[in-house]
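What follows is one structure encoded as structure tokens, with my remarks underneath.
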Amino acid sequence: MGQRVSSDATETTSSIWTFAARDELVAFFNARAIRQLSAVELWAFRQNIGKNVEPTEELDIQALAHIYGVPADVPWFTEIFYPFMCRLTSFPLMHDTSPPTYMGVLKACLLFSKKRAARYTSRKSYDLSNLVWALLAPPKDVCYDNEELFDGNKLIDTLDNTVVTELEVPAIKVLHLFTFMLQLLQHCDGSNTVLDPSIFTEWEQHEQNALCLVRSLNSAIVGRSDARSHSITYERFTAGLRHIFPNIFNALSLFLERLFYIKRDTTNKLLNISANESSTIVTNPLLAQLATVYPRINLFTNMQRLFVAGDAGFSMSAFQAKVFKWMAPTILFVSGTRINDDATVCTKNKRYKTFLQDYPALKDTEQRLALCDRKKRHLVYAVFVKDPWKLTNKDLFGDMETTVIQLAPRQKIFKAQEAPNIYFNAVGGGIGFGSPQPNIKPTGKKYYPGNVSLTIEPSMEFAVFRNLGEGGMFSHGSATSPPAEQPPSYELRFMVKDLEVWGYGGEEELQKQIQRWQWEEAEATRRKYIKTNGGKEDRALLEMAGIIGHYQSGGSV
586 MGQRVSSDAT
596 ETTSSIWTFA
606 ARDELVAFFN
616 ARAIRQLSAV
626 ELWAFRQNIG
636 KNVEPTEELD
646 IQALAHIYGV
656 PADVPWFTEI
666 FYPFMCRLTS
676 FPLMHDTSPP
686 TYMGVLKACL
696 LFSKKRAARY
706 TSRKSYDLSN
716 LVWALLAPPK
726 DVCYDNEELF
736 DGNKLIDTLD
746 NTVVTELEVP
756 AIKVLHLFTF
766 MLQLLQHCDG
776 SNTVLDPSIF
786 TEWEQHEQNA
796 LCLVRSLNSA
806 IVGRSDARSH
816 SITYERFTAG
826 LRHIFPNIFN
836 ALSLFLERLF
846 YIKRDTTNKL
856 LNISANESST
866 IVTNPLLAQL
876 ATVYPRINLF
886 TNMQRLFVAG
896 DAGFSMSAFQ
906 AKVFKWMAPT
916 ILFVSGTRIN
926 DDATVCTKNK
936 RYKTFLQDYP
946 ALKDTEQRLA
956 LCDRKKRHLV
966 YAVFVKDPWK
976 LTNKDLFGDM
986 ETTVIQLAPR
996 QKIFKAQEAP
1006 NIYFNAVGGG
1016 IGFGSPQPNI
1026 KPTGKKYYPG
1036 NVSLTIEPSM
1046 EFAVFRNLGE
1056 GGMFSHGSAT
1066 SPPAEQPPSY
1076 ELRFMVKDLE
1086 VWGYGGEEEL
1096 QKQIQRWQWE
1106 EAEATRRKYI
1116 KTNGGKEDRA
1126 LLEMAGIIGH
1136 YQSGGSV
């Protein structure tokens, strides 16, 4: 955006920022905030707030909604965003109850950007998670008039003497925050993106996915109403940011920095998969949830639908025909309904009874299911597979980047600890992640599920996710370590409703795959039209290679 006019780049935390009066402290950090902007950014900021408006002027909730182009009545805006601006107006005084100003908006733009925040606070890094947590909690009743000296560095480091580790925040506030973060991950393409107010009609859809994130922080939360009566601890929140949804705030700074662009330089381009590309499982809200783990640009722009069982058929052969030609990474999605009562299902479905005879299921006494896992029956899993799929009736494939992600009813991530870790067994074994090959004999078969494993039987009718803790090919997925969290011991058996595989990767990988497909199609066409009477040498060579002849059609390799 241009050369910065600030000379503060060489400052360190050893700078002495002490002031005798509150107003001196606030004025210093206001001026410092202005100096963080380039000349172009400062000009655009003033244009957006109004040519004749001073940054220190107060603004109400309607004015804030106007400059960001969002409705003023959505829960996230009224209960989270506007109070954030109030609290940041007098930064680093976090408990000041002064009315919000445009300067508070500017400070938010700086503090919610890792690079800008580090520069503004003159620190090597700035902990965004602590700032968010302090802002979500109600302010303390503090009287600054009695202070004799204001130490700016101490106020920054302690967030105005806030003990964040002792704070608990109502889960409903976290739910509202996460819901809007998912909307930003889907719709905010860049820092010059102007949001279309119509996106807030999708609030409820995104809220359902945000609930899965909140449940990963507190498993006692089942429905939305539970979020009003439960809270989230600091330990759970920060552990979630590290291990469960590390990218949740990636689009927030882009949304805020829209004020650094004038209208002619903004865009309303949205990150969406088209209606033609979406499916029963893969929707825009679900991809936004998955973007809390993987780069959102790849998810929304470089996903290629390869196999949808509902269209191609629930069979291993259809899976193989559709997926095995894709040489780039893939994501397998599977959803279904958890089976509560094995005996009842066995009575109605003999195939499930046979499956349980082959699969050594956990006993009910061995199960330690969380409340949300017991109450919510809808399950969704995604598995990132970097290696190309291949037939492995005896061996395994898959590298250390293979990752199993539970998306519903709560989000958990299970990373590979051993490789290889996947099998695709076309002779009756099905698909497995985290388990050795099943033993298949003419008299029957037996599965050997790993401690942390996902097993899909060959007819794709039933699947099982097992988690017995440490010792498997995948991590146990807990955000905190025992004894903070009881070691897991549970098994989720479910009837598969949908199973899909999507190609995933960057632009370069996608182009290489398209070129490969084009070459295969051209090669198949060339072989198909070799004349029987002419080009005998070419035809003989293809017959020797086993590509044509002997009742073969000469299709693509």
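Take any residue in the sequence shown, note its place counting from 1, add 585, and you have its number in my numbering. Quick reminder that beta carbons are idealized off the backbone N, C-alpha and C, glycines included. All values reported here derive from a predicted model rather than from experimental measurement.
Cut-off 8 Å between Cβ atoms - residues of its own chain near residue i, not counting five sequence neighbours on either side
{"i": "C797", "result": "Q874, L992, A993, P994, R995, Q996"}
{"i": "W718", "result": "V749, L752, V754, Y819, F822, T823"}
Closest Cα partner of residue i within the set the options
{"i": "Q771", "options": "N835, R672, F940, F697", "result": "N835"}
{"i": "F899", "options": "M1080, Y1089, S783, W661", "result": "M1080"}
{"i": "L891", "options": "R827, A897, V908", "result": "V908"}
{"i": "Y653", "options": "L780, E787, S902, D608", "result": "L780"}
{"i": "R827", "options": "T743, N715, F1009", "result": "N715"}
{"i": "A894", "options": "V919, E842, R881, E1108", "result": "V919"}
{"i": "Q1100", "options": "T886, W911, P782, R607", "result": "W911"}
{"i": "R936", "options": "C957, F1047, I829, N832", "result": "F1047"}
{"i": "K971", "options": "N1006, T939, A913, F940", "result": "A913"}
{"i": "I665", "options": "D958, T939, T764, E1085", "result": "T764"}
{"i": "L947", "options": "F1050, S1063, T1110, E787", "result": "F1050"}
{"i": "E642", "options": "R620, N633, D608, P684", "result": "P684"}
{"i": "M1045", "options": "M901, K933, H791, A612", "result": "M901"}
{"i": "G1015", "options": "G825, F904, I990", "result": "F904"}
{"i": "I646", "options": "A612, R701, Y667, T747", "result": "Y667"}
Check: residue i C-beta below 7 Å from any heavy atom of the ligand MG
{"i": "I1025", "result": "Absence of the ligand MG is noted for the structure shown, with no ligands found whatsoever."}
8 Å Cβ cutoff met for residue i and residue j
{"i": "G689", "j": "L678", "result": "no"}
{"i": "T988", "j": "A1004", "result": "no"}
{"i": "P660", "j": "H761", "result": "yes"}
{"i": "Y1033", "j": "P1023", "result": "yes"}
{"i": "L544", "j": "A618", "result": "With the chain covering 586 to 1142 only, the question about residue 544 has no answer from this structure."}
{"i": "L767", "j": "N803", "result": "no"}
{"i": "T686", "j": "L720", "result": "no"}
{"i": "K1082", "j": "T922", "result": "yes"}
{"i": "F1009", "j": "L976", "result": "yes"}
{"i": "F999", "j": "S1060", "result": "yes"}
{"i": "C773", "j": "L839", "result": "yes"}
{"i": "K725", "j": "L713", "result": "no"}
{"i": "I829", "j": "V759", "result": "no"}
{"i": "A867", "j": "E1085", "result": "Checking the sequence shown, residue 867 turns out to be Val, not Ala. It is a contact, given that the beta carbons lie within the stated cut-off."}
{"i": "L941", "j": "D927", "result": "yes"}
Residue i classed as buried or exposed, judged by whether at least 16 other C-beta atoms fall within 10 angstroms
{"i": "R1078", "result": "buried"}
{"i": "T1028", "result": "exposed"}
{"i": "G983", "result": "buried"}
{"i": "W1104", "result": "exposed"}
{"i": "K1030", "result": "buried"}
{"i": "H651", "result": "exposed"}
{"i": "C728", "result": "exposed"}
{"i": "A605", "result": "exposed"}
{"i": "K709", "result": "exposed"}
{"i": "M888", "result": "buried"}
{"i": "P870", "result": "buried"}
{"i": "V590", "result": "Legend: pLDDT at V590 = 36, less than 50; position of this residue unreliable, value from coordinates given subsequently. Looking at its Cβ environment, which holds fewer than 16 other Cβ atoms inside 10 Å, V590 is exposed."}
{"i": "T778", "result": "buried"}
{"i": "G635", "result": "exposed"}
{"i": "P1073", "result": "buried"}
{"i": "A1107", "result": "exposed"}
{"i": "E986", "result": "exposed"}
{"i": "V965", "result": "buried"}
Inter-residue CB distance, residue i and residue j (contact presumed, cutoff 8 Å)
{"i": "F669", "j": "A648", "result": "Not really, about 15 Å apart at Cβ, beyond 8 Å."}
{"i": "L837", "j": "F697", "result": "5 Å"}
{"i": "I916", "j": "A967", "result": "6 Å"}
{"i": "Y944", "j": "T1040", "result": "7 Å"}
{"i": "A756", "j": "H815", "result": "5 Å"}
{"i": "L956", "j": "V807", "result": "6 Å"}
Close-in-space but distant-in-sequence residues of the same chain around residue i (CB under 7 Å, 5 per side omitted)
{"i": "G1035", "result": "G1019, S1020, G1057, M1058"}
{"i": "V1012", "result": "N978, I1025"}
{"i": "T706", "result": "I741"}
{"i": "L1199", "result": "Since the displayed the chain opens at 586 and closes at 1142, residue 1199 lies outside it and no answer follows."}
{"i": "S600", "result": "S707"}
{"i": "L954", "result": "Y1075"}
{"i": "A812", "result": "A756, I757, L760, V799, I806"}
{"i": "I924", "result": "V930, R1078, F1079, M1080"}
Other residues of its chain near residue i: CB distance less than 6 Å, five sequence neighbours each side excluded
{"i": "W602", "result": "G737, N738"}
{"i": "A629", "result": "F845, Y846, I847"}
{"i": "P1067", "result": "Low local confidence applies: a pLDDT of 46 at P1067 is under 50, so the model's placement there is unreliable, and no value is given."}
{"i": "Q952", "result": "Y1075"}
{"i": "Y879", "result": "none"}
{"i": "A722", "result": "L752, V754"}
{"i": "G1017", "result": "Y1008, T1040"}
Beta carbon proximity, residue i to chain C, threshold 8 Å
{"i": "R708", "result": "No chain C is present in this structure, which holds just one protein chain."}
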